[in-house]
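Numbering (our numbering), first residue to last: 4 to 194.
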């Protein structure tokens, strides 16, 4: 891993911990909760795709990051999930690639970042976190259903805007809601 990649990943880890902390202490949620949840999801996405590019990311976690992750993740995670339906339900067919991006964000949260938390903390999920995970699955199912409907050949309201395709370098092929055409947009581009 180059020093630039290390710096970028360390920044992403710091952002994750900071946003989790912020969500965990947020009192006036209606003012800043959705924007912070949206930023946290974007950071989770960057974390997830970059871990597929650079598996050595775990060595970049400082003792302070680890301590803060253990402390803030349970509350921040459950609060983040509370905002998820509002972030998912407001996506229109004209924002097809935004829906695909949100689905990748959710996938990285429940598969990469949740595993990362369990590995770092050594903790299992609390009942509250398990309940939140069930709600997250519902949002993921809704996105899967919508994307499937919106990409039917007989559906003409969906807009597949290339400018809405996030960086797909490092996004696993299991994210099959992205097409090869989408992946080619990023194939030869640097970060």
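Heads up, the beta-carbon is just placed ideally off N, CA and C, and yes, glycines get one too.
Asked	Found
Beta carbon of residue 13, beta carbon of residue 96: below 7 Å?	no
Inspect the beta-carbon positions of residue 54 and residue 127 and report whether they are closer than 7 Å.	no
Quick one: any contact between the region 129 to 139 and the region 173 to 184, if contact means 3 or more CB pairs under 8 Å?	no
Distance, Cα to Cα, residue 102 vs residue 150?	7 Å
May I ask you to report which of helix, strand or coil DSSP gives residue 61?	helix
Just checking, does the region 19 to 30 make contact with the region 67 to 76 on the three C-beta pairs under 8 Å criterion?	yes
Can you tell me whether DSSP reads residue 164 as helix, strand or coil?	coil
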